[in-house]
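> Dropping a structure here in structure tokens format, bear with me for questions.
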Amino acid sequence: MNPYNLVNSIRINRYSSIPKYQQVTDSIVNLVESGKLSINTGLPSINELSAALDISRDTIEKGYKSLRDLGIVTSVPGKGYYVAENECLKKYKVCLIFDNWSEHKKIIYDSFVDKMGDEAAVELNIYNDNLQQFEKLFSYKNGHFTHYIVIPPTLEKMDQVKDILSSIPPEKLIILDNFPTELQNSSCAVFQDFGRDIFYALNNACKALSKYKNLKIIFPKGNLFPREILLGFKNFCLANNYNYQVIELMRPQELVKGDVFITLSEHSLVEVVEMTQNAKLTIGKDIGLISYNEAPIKRILLNGITTISTDFVKLGTETASLILNNLQKKIHVPFYLRLRNSL
-4 MNPYNLVNSI RINRYSSIPK YQQVTDSIVN LVESGKLSIN TGLPSINELS AALDISRDTI
56 EKGYKSLRDL GIVTSVPGKG YYVAENECLK KYKVCLIFDN WSEHKKIIYD SFVDKMGDEA
116 AVELNIYNDN LQQFEKLFSY KNGHFTHYIV IPPTLEKMDQ VKDILSSIPP EKLIILDNFP
176 TELQNSSCAV FQDFGRDIFY ALNNACKALS KYKNLKIIFP KGNLFPREIL LGFKNFCLAN
236 NYNYQVIELM RPQELVKGDV FITLSEHSLV EVVEMTQNAK LTIGKDIGLI SYNEAPIKRI
296 LLNGITTIST DFVKLGTETA SLILNNLQKK IHVPFYLRLR NSL
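For the sequence shown, the tail end lands on 338 under our numbering, and the numbers increase by one without skipping.
The following block contains the structure:
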């Protein structure tokens, strides 16, 4: 493509909320992805493109810097900018959109990338459970990837989330981890069934639970865990005639001999352990403890902490398998009870 045709292929919408430098970046990315710009093709100089598009030199420079940061172009001193050998030419271009970052999300990410291998360019984005940031990501990223893998937010405004996700073609969208009712028309998902999972995990622990009187789950106000966990917990307690309590704020007076505590976060886990030790009670005898989400350290602490957990590696590998095998299906990932000394 000669410089004249390249300039005419860059579309700038002066009324768009997307910054002009980002529009320059997006236009050139699209040309590379479509094969219209090949490796080592020269790009117009900053001054040439600024004059041709009638936008500031700083804007073009910022757009070229963004392209360089993405590895899509390279600059040669004294010669200009050229299309680099880059990730855009890989078979799969995957946009991962995670709600937050944690050790467990890292396991999902690492297992997904390992399974995809060298055929995929993977971009990770995190919106920190912020719906506005979630929406903004889609306005920038839509149209540049072969697949979008999304962990949706655990919010009450799911209709708004559904509207945002509807902008992605169904064959390109995979819902990961959290699969709320409002999104279950999606054709592709790898997920936990939070309510069902905790119900059956606790059911498998009935023998160990029988020596305790009350079940308590610590679910802090504003907690970002899906509320289906609470529903599954309550259904188990009602089905098995257990007294139960949902605790928003853990305090020493909540600690009663004969109670079992289910902690969803590492912070709540530490609180229960510290308060139990201060009260001179013994975990696994006076107080039962179940921790949500498996981690290697939980095999060691207190001679073993009982966990209920999905298989995070499988969340990643099953998602990659859907892409590599061009499958459209919904996969419920196994959920495990690991009984240890804390119960």
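The C-beta atom is built at its ideal place from N, Cα and C for all residues, glycine as well.
Which whole runs of the beta strand (DSSP E) in the stretch 85 to 116 are 3 residues long or more, in chain order?
87 to 93
> Spell out a yes or no on whether the stretch 100 to 114 and the stretch 300 to 308 are touching, meaning 3 or more CB-CB pairs, one atom from each, closer than 8 Å.
yes
> Jot down the residue ranges of each uninterrupted alpha helix (DSSP H) in the stretch 156 to 220, minimum 4 residues, whole runs only, in chain order.
189 to 199 and 201 to 204
> In chain order, what are the residue ranges of uninterrupted alpha helix (DSSP H) at least 4 long that sit wholly in the stretch 239 to 302?
At a cut-off of 4 residues, the continuous stretches assigned as alpha helix (DSSP H) that sit fully inside the stretch 239 to 302 are 261 to 273.
> What is the DSSP secondary structure of T314, counted as helix, strand or coil?
helix
> Are L132 and G190 closer than 9 Å when you measure CB to CB?
no
> Apart from the five residues just before and just after L317, which ones in its own chain have a Cβ nearer than 8 Å to its Cβ?
Contacts found: I169, C183, V185, Q323, K324 and I326.
> Measure the CB-CB distance between S51 and Y59 and report whether it falls below 9 Å.
Contact flag unset, no.
> Would you tell me roughly how many angstroms separate the C-alpha atoms of S61 and A115, rounded to the nearest one?
Spanning the two alpha carbons is a distance of roughly 21 Å.
> Considering T69, what are the terminal residues of the beta strand (DSSP E) in which it resides?
Residues V68 to V71.
> Just to confirm the assignment, what range does the alpha helix (DSSP H) spanning K325 have?
Run containing K325: none in the alpha helix (DSSP H); it sits in the beta strand (DSSP E), K325 to H327.
> For the alpha helix (DSSP H) that L44 lies in, which residues bound it at each end?
DSSP places L44 in the uninterrupted alpha helix (DSSP H) bounded by I41 to L48.
> Count the CB pairs spanning the stretch 201 to 212 and the stretch 239 to 255 that are closer than 8 Å, and state whether there are at least three.
yes
> Going by Cα to Cα distance, which pick from D53, G30 and S29 is closest to S40?
Of the candidates D53, G30 and S29, the one whose C-alpha sits nearest the C-alpha of S40 is D53.
> CB-CB under 6 Å to T277, same chain, minus the five flanking residues each way: which ones, in chain order?
none
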